[in-house]
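Numbering (mature numbering (1 follows the signal peptide of the UniProt record, and there is no 0)), first residue to last: -20 to -1, 1 to 110. Idealized CB from N, CA, C, for every residue including glycine. Okay, structure first, notes after.
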């Protein structure tokens, strides 16, 4: 099945030492709260053990109601090819990953990182590229 996604990448809690100053989110908590029950909204919480970004347990403890969890380092957002680590997987693999999270062509996606370290923003951006 082919998915053609338009992702709205959002960071509600960017806490990054790699970015100087305050980076405002693309949408704020009020906007999200007003839309949490929209059928086409998918809140994707992407976490990783990198920079103590957390795992499923930390997601459960701090999750946005109705959000979906994906582990950036373990769930297929990146792969190694020809001895090069951290590359985007091919389109078919991304379609499976995104579709497996219940995200379709009709979804409006808000991607939320854990907000724990400097790499949060980079994997948030990586997940929003497909």
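Per DSSP, the bridge partner or partners of residue i
i	result
residue 12	Answer by DSSP bridge pairing: none, since residue 12 is not bridged.
residue 52	DSSP lists no partner for residue 52.
residue 59	67
residue 25	49, 92
Proximity below 8 Å, CB of residue i to CB of residue j
i	j	result
residue 175	residue 46	Here the chain comprises residues numbered -20 to 110, so residue 175 is not present and cannot be evaluated.
residue 15	residue 6	no
residue 12	residue 48	no
Own chain residues within Cβ distance below 7 Å of residue i, not counting five before or after
i	result
residue 43	25
residue 59	67, 69
residue 1	Low per-residue confidence applies at residue 1: pLDDT is 46, beneath 50, and the placement is therefore not dependable, though the value from the model is reported in the following sentence. So no residue of the chain qualifies.
Beta-carbon contacts of residue i that lie in its chain and below 6 Å, excluding the five residues immediately before and after
i	result
residue 34	27, 94
residue 32	96
Residue span of the beta strand (DSSP E) that contains residue i, given as start and end
i	result
residue 42	Unbroken run through residue 42 is the alpha helix (DSSP H), 36 to 42; no beta strand (DSSP E).
residue 6	Where residue 6 is concerned, there is no enclosing beta strand (DSSP E), given that its DSSP letter is neither H nor E.
residue 67	64 to 67
residue 88	88 to 93
Close Cβ partners of residue i (< 8 Å) along its chain, the five nearest in sequence each way excluded
i	result
residue -20	Low confidence applies to residue -20: its pLDDT is 35, below 50, so where it sits in the model is not reliable, and the reading given next is rough at best. 75, 79.
residue 86	20
Endpoints, the alpha helix (DSSP H) within which residue i is located
i	result
residue 32	It is not in any alpha helix (DSSP H) - residue 32 carries neither H nor E in the DSSP assignment.
Check: residue i C-beta below 7 Å from any heavy atom of the ligand ZN
i	result
residue 83	The ligand ZN is absent from the structure shown, which contains no ligands of any kind.
Anticipated Cβ contact below 8 Å, residue i with residue j, distance rounded
i	j	result
residue 83	residue 53	Actually they do not touch by this definition, with Cβ atoms about 19 Å apart.
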